[in-house]
Amino acid sequence: MEELEEVVAGIRPRLAAQDQARERALRACRQVIRHSSDAIRAVHRQEYDQGRKVLGSAEELVRELNAGLAGQGGCSTRASCTTPRRSSPRDASPWR
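In the working numbering, the protein residues as written are 180 to 275.
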């Protein structure tokens, strides 16, 4: 039984760190969604400069989110988190 307690004691800090990272990620994702919807509204109002600014903020949050999750297991092995951004036709959009 003592051996089990030692194993649990070793796992607890890692689980707590993962839980904290998950909570930070959820907050950041909510902010990204808010920024994205603000950018869409700005485009609808034809306020392209404001839309670019808000979208840039969302992009920075995503970078910070990916960097913060990189060492938390799971995310660092998924292509969506580690694959560099590829050039696409969207890169020619007015948002760049």
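For every residue, glycine included, the Cβ atom is placed at its ideal position computed from N, Cα and C.
Span of the alpha helix (DSSP H) holding residue 197? Position 18 of the sequence shown, counting from 1, holds the residue named residue 197. Element bounds for residue 197: 181-223.
Starting from residue 226, follow the alpha helix (DSSP H) in both directions and report where the run begins and ends. Taking the first residue of the sequence shown as 1, we reach residue 226 at position 47. It is not in any alpha helix (DSSP H) - residue 226 carries neither H nor E in the DSSP assignment.
Is residue 246 helix, strand or coil by DSSP? One-based indexing of the sequence shown puts residue 246 at position 67. Helix at residue 246.
Residue nearest to residue 235 in terms of C-alpha spacing, selected from 183, 216, 186: Counting from 1 along the sequence shown, the entry for residue 235 is found at position 56. For residue 235, the nearest C-alpha among the options comes from 216.
Just to check, is the beta-carbon of residue 235 closer than 6 Å to a non-hydrogen atom of the ligand FMN? Ligands in the displayed structure: none, and consequently the ligand FMN is not present.
Evaluate residue 233 with the Cβ neighbour count: other Cβ atoms within 10 Å of its Cβ, from every protein chain shown; 16 or more gives buried, anything less gives exposed. Walking along the sequence shown from the start, residue 233 turns up at place 54. So residue 233 ends up on the buried side.
How about residue 240 and residue 222: are their beta carbons less than 7 Å apart? Position 61 of the sequence shown, counting from 1, holds the residue named residue 240. Position 43 of the sequence shown, counting from 1, holds the residue named residue 222. No.
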